[in-house]
Amino acid sequence: MYDHILLASDGTEASTNAESHAISLAAEHGAALHVLYVVDEDVYTAYSGDEYVDESEGPEHGLEETGQETLARIQADAEASGVDATTTLKHGRPAESVIETADEADVDLLVLGTKRRPAEYRSLLGSITDKVLRLSERPAVVVKTEVEE
C-alpha cells in the first residue's frame with residue numbers, strides 16, 4: 125500500500141510519536157522512509173544576531189546542528205528496525221518545504237507530529253501540521269504526542 129513515506133520532524137517532543145510511527149509503518153509495508161528536517165528561515169531571518177561575531181555562531185547554525193542531530197538519530201532508529209531511510213535537511217518555510225519534498229519524492233503518505241497547544245497559541249501562530257494538511261493533496265497521518273505540562 126505504501127512504497128514511499130515522508131516523515132517531517134522538527135526534532136521536538138511534538139515529533140516523538142510520529143517518528144516511531146513512521147518507522148513502524150515503513151517496516152510493516154516495506155516502504156522507503158524519507159525524513160525531512162526544515163531549518164525555518166523565518167526563525168533565523170527574524171533575529172538580528174548582533175551579538176554574534178561569526179556567522180557559524182548564529183541561530184541558523186544552531187538550527188542546522190539540531191537538524192543534523194535529529195536526522196542522524198531517526199536514521200539510526202530506522203536502520204535498527206530494518207528500514208531504509210533517506211534524510212534531507214532543507215532551508216525554507218516548513219509547510220511549503222514538506223509539500224515540495226513530498227512532491228519531489230512522490231510519496232504515498234505524509235507522517236506529521238503534533239502536540240496539544242493552548243487555543244491562544246494556535247489562533248496567533250497556527251500550526252505547520254495544520255497548514256500542510258490544508259495545502260497537500262496527499263494522504264497524511266497526524267500523530268499526537270501528549271506533553272506533560
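Using the numbering used here, you'd call the opening residue of the sequence shown number 125 and step up by one each time. Positions of the beta carbon are idealized from the N, C-alpha and C atoms, including for glycine.
For residue i, the first and last residue of its enclosing alpha helix (DSSP H)
i: V222; result: P218 to A229
DSSP-derived helix/strand/coil call for residue i
i: G237; result: strand
i: T136; result: coil
i: G186; result: helix
i: G191; result: helix
Option nearest residue i by Cα separation, candidates the options
i: T211; options: Y126, I147, N141 and A138; result: I147
i: T136; options: P183, G191 and L130; result: G191
i: D208; options: H145, L157 and R258; result: L157
i: A150; options: V265, T269 and E270; result: V265
i: G237; options: S133, Y126 and D127; result: S133
i: V256; options: S205, Y126 and L130; result: L130
Any non-hydrogen atom of the ligand MN within 8 Å of residue i CB
i: L149; result: Although the ligand MN was asked about, the structure shown includes no ligands whatsoever.
Bridge-paired residues (DSSP) for residue i
i: Y161; result: L213
i: H128; result: A156
Boundaries of the beta strand (DSSP E) in which residue i is found, first to last residue
i: A264; result: A264 to T269
With contact counted as at least three CB pairs below 8 Å, one residue from each stretch, are the region 190 to 205 and the region 220 to 235 in contact? no
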